[in-house]
Amino acid sequence: LELGAGTGLASLVLGKVLEQIRRMDRQCTEPVSFDTCQVPLLVDTVFATDFHPSILANLRFNFAVNFPAAS
């Protein structure tokens with residue numbers, strides 16, 4: 121949860137990191153150790169919030185550009 125996200129940079133970075141972790145998890149077939157497979161994620165959704173309408177419009181645009189399938 122990012123309050124007062126502005127451009128949403130922290131949420132965008134976290135979203136990209138989670139995306140990469142999910143990709144790596146899909147490649148893992150047998151969770152044998154931390155070296156070969158990822159720990160199950162406790163975070164599934166990233167929330168970015170702000171108040172001003174123009175900031176929210178920019179935030180939506182930034183997320184749409186960086187996560188086109190999720191928009």
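Just so you know, we're using my numbering here: the sequence shown kicks off at 121 and counts up by one. Backbone N, C-alpha and C fix where the C-beta goes; we use that ideal spot for every residue, glycine too. Here the structure is a predicted model, which is why all the values come from computation and not from measurement.
Q) Using DSSP with H/G/I as helix, E/B as strand and the rest coil, what is Phe125? A) Residue identity differs from the one stated: residue 125 is Ala in this sequence, not Phe. Residue state, collapsed to three classes: coil.
Q) Is Ala130 helix, strand or coil by DSSP? A) helix
(Q) Please report the distance separating the alpha-carbon of Thr127 from that of Asn182. (A) 7 Å
Q) Is it buried or exposed for Leu132, if we count other Cβ within 10 angstroms and need 16 for buried? A) buried
Q. To the nearest angstrom, how far is it from the Cα of Arg143 to the Cα of Lys136?
A. 11 Å
Q | Buried versus exposed, by CB contacts within 10 Å (16 or more), Leu129 | A | exposed
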